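Below you'll find the structure, written out as structure tokens, and then a few comments.
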Amino acid sequence: MSAASQVVSAGTTISVSYRPCPLCGRDNQDQPASPYSLAPWTIRSCRDCGFTYIDTAPKYEHLAVDLDWNARFQVETERKAELRKVSYKFSRLTRMRMHLFGKRKVGRYVREKFNQGRILDLGCGSGETILDLLDSFTPYGVEISTSLAIKADQLFRPHGGHAENAPSIEGLGRFEENFFEAVAMRSYLEHEENPLGVMKEVFRVLKPGGIAVVKVPNFGSINRRVMGKKWCGFRYPDHLNYYTRNSLRQLAQKAGLDIRFDFLGSLPTSDNMWAILSKPA
Ligand SMILES: [Zn+2]
Numbered sequence: 032m033s034a035a036s037q038v039v040s041a042g043t044t045i046s047v048s049y050r051p052c053p054l055c056g057r058d059n060q061d062q063p064a065s066p067y068s069l070a071p072w073t074i075r076s077c078r079d080c081g082f083t084y085i086d087t088a089p090k091y092e093h094l095a096v097d098l099d100w101n102a103r104f105q106v107e108t109e110r111k112a113e114l115r116k117v118s119y120k121f122s123r124l125t126r127m128r129m130h131l132f133g134k135r136k137v138g139r140y141v142r143e144k145f146n147q148g149r150i151l152d153l154g155c156g157s158g159e160t161i162l163d164l165l166d167s168f169t170p171y172g173v174e175i176s177t178s179l180a181i182k183a184d185q186l187f188r189p190h191g192g193h194a195e196n197a198p199s200i201e202g203l204g205r206f207e208e209n210f211f212e213a214v215a216m217r218s219y220l221e222h223e224e225n226p227l228g229v230m231k232e233v234f235r236v237l238k239p240g241g242i243a244v245v246k247v248p249n250f251g252s253i254n255r256r257v258m259g260k261k262w263c264g265f266r267y268p269d270h271l272n273y274y275t276r277n278s279l280r281q282l283a284q285k286a287g288l289d290i291r292f293d294f295l296g297s298l299p300t301s302d303n304m305w306a307i308l309s310k311p312a
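In our numbering, the protein residues as written are 32 to 312.
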């Protein structure tokens, strides 16, 4: 994350930082751009570890305001509408349905292991991912978008927790070690500039035996190969990281976390992949 520069994306000039491989640190500027790149955003696969990522990232200060989720969603729905034309309406409904299903799923995994405790929702948005856990868990969140963090904070406070408005690593740093039974990372890790740094902090704040529930787009999916650039997992520059089972496993293990994949939730036919990471007891 050395040199900074500026790019123009969707008519807006934004400052970006260059990213070497987020997993192993290799500088991959000598590698060819992936055909999935979309100017000004270049996707590269690491020569050494295979990790696939966009090699520049908007500075965090942009994420706090310009690119907050609501704004990004607007841009994306327009882009998808163009890409998909007729099939768009159907796919939007499908994705909304999957989205709701996904929200409940975090709670299911957490309740398999814990009946109560503290839960942290990383990249919590307005806090909706852990709605079904609020009755028995103390909810906390970290969210970079100020407007969304305020909403989450208002939701969490009556249940004894709160939301931090900060980039993830900074926000995580405000919690004591061994503090949480569970951490939710649903549709989050693909956005994170420094996923390994975050994962190490997640390890620190989890109690021994605690779990992190991860949902990310499945770059190993068949659909990505079939749809190419139109695959729903591509978002420029929203989705900075493109995980396969292999790279997600490497990421977890480098941070000291064990990982198991949900069988049905990580098949090659699935556009997303679910994994349960755990801190050894
Ligand atoms: Zn690498």
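C-beta: ideal position from N, C-alpha, C; glycine also.
All values derive from a computational prediction rather than experimental measurement.
Taking only heavy atoms of ligand 1 into account, decide whether any of them is closer than 7 Å to the Cβ of residue i.
i: Asp79; result: yes
i: Leu54; result: yes
i: Arg75; result: no
i: Phe168; result: no
i: Arg50; result: no
i: Arg149; result: no
i: Arg57; result: yes
i: Phe211; result: no
i: Phe82; result: yes
Just to confirm before moving on: does the CB-CB distance between residue i and residue j stay below 8 Å?
i: Leu220; j: Val244; result: no
i: Val236; j: Glu208; result: yes
i: Asp79; j: Tyr49; result: no
i: Pro299; j: Tyr273; result: no
i: Phe210; j: Arg149; result: yes
i: Pro71; j: Ser36; result: no
i: Thr160; j: Gly191; result: no
i: Glu212; j: Gly251; result: no
i: Asn137; j: Arg217; result: Per the sequence presented here, residue 137 reads as Val, with Asn not at that position. Cβ atoms of Val137 and Arg217: closer than 8 Å.
i: Ser157; j: Ala183; result: yes
Thinking C-alpha only, which one of the options is nearest residue i?
i: Arg205; options: Ser178, Glu174, Pro226, Asp58; result: Glu174
i: Pro226; options: Val39, Ser36, Cys55, Thr43; result: Cys55
i: Pro198; options: Pro89, Pro66, Thr44; result: Pro89
i: Pro268; options: Gln62, Pro51, Thr73, Asp289; result: Thr73
i: Gly287; options: Asn59, Ser301, Ser309, Gln147; result: Ser309
i: Val233; options: His270, Ile307, Lys144, Leu69; result: Ile307
i: Ala283; options: His270, Pro311, Ala180; result: Pro311
i: Asp58; options: Leu295, Phe294, Cys77; result: Cys77
From what residue to what residue does the beta strand (DSSP E) around residue i run?
i: Phe211; result: 211 to 217
i: Glu174; result: 168 to 174
i: Pro239; result: 237 to 248
i: Arg149; result: 148 to 153
i: Ser48; result: 43 to 49
Assuming residue i contacts residue j (C-beta within less than 8 Å), just tell me the rounded distance between them.
i: Gly172; j: Leu203; result: In fact, because the Cβ distance is near 11 Å, the residues do not count as touching under 8 Å.
i: Ile304; j: Arg276; result: Here the sequence assigns Met to residue 304, which means Ile is not the residue at that position. So it is a contact: roughly 7 Å between Cβ atoms.
Comparing the C-beta of residue i with each C-beta of chain D, is any distance below 8 Å?
i: Ile242; result: No chain D appears in this structure, which consists of one protein chain only.
Considering just the uninterrupted stretch of the alpha helix (DSSP H) at residue i, what are its terminal residues?
i: Ala283; result: 276 to 285
i: Ile253; result: 253 to 258
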